[in-house]
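What follows is one structure encoded as structure tokens, with my remarks underneath.
In full-length UniProt numbering, the protein residues as written are 1 to 111.
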């Protein structure tokens with residue numbers, strides 16, 4: 001479970017900005033991180049600028065490289081995707097409420 005402090009950070013910066021901040025704090029150039037993740041520097045640059053989506057492999061690599069909880073990275077990444085999808089929807093918040101109810105329902109149904 002994330003602390004309130006990390007939640008406020010989570011709300012303020014995007015997944016890409018977070019990755020860039022991790023790289024900056026570690027004082028690592030783009031090319032070294034990209035090489036470690038086995039992707040092109042242009043791909044990592046686009047992820048950091050929120051112009052391209054990461055994938056599971058990249059998220060796993062970032063988690064290992066910067067010793068960040070994989071769950072935290074997934075929450076950051078998926079919440080960005082959902083935010084971008086619903087940002088311009090007039091009923092975006094209502095949609096989220098229904099999604100929450102559906103998730104709870106389907107999880108109960110599974111057990």
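Positions of the beta carbon are idealized from the N, C-alpha and C atoms, including for glycine.
As the structure is a prediction and not an experimental result, all values here were calculated from the model.
Could you spell out where the alpha helix (DSSP H) holding residue 83 opens and where it closes? 70-86
Within the continuous alpha helix (DSSP H) that includes residue 58, where are the two ends? 56-66
Use the C-beta contact count for residue 99: other C-beta atoms within 10 angstroms, 16 or more gives buried, fewer gives exposed. exposed
If you follow the alpha helix (DSSP H) that residue 35 is in, where does it begin and where does it stop? 30-37
Which same chain residues end up closer than 7 Å to residue 52 when comparing Cβ atoms and leaving out the 5 residues on each side of it in sequence? 43 and 46
For a test of the three-state rule: what should DSSP assign to residue 42, helix, strand or coil? helix
Given residue 41, which residues of its chain have a CB within under 7 Å of its CB, disregarding the five upstream and five downstream residues? 30, 31 and 34
Helix, strand or coil at residue 48 according to DSSP, with G and I counted as helix: helix
Would you kindly work out how many angstroms separate the C-alpha atoms of residue 90 and residue 103, rounded to a whole number? 22 Å
Counting C-beta neighbours from all protein chains within 10 Å, is the total for residue 179 16 or more, i.e. buried, or is it exposed? Within the shown structure, residues of the chain are numbered from 1 to 111, placing residue 179 beyond reach of any answer.
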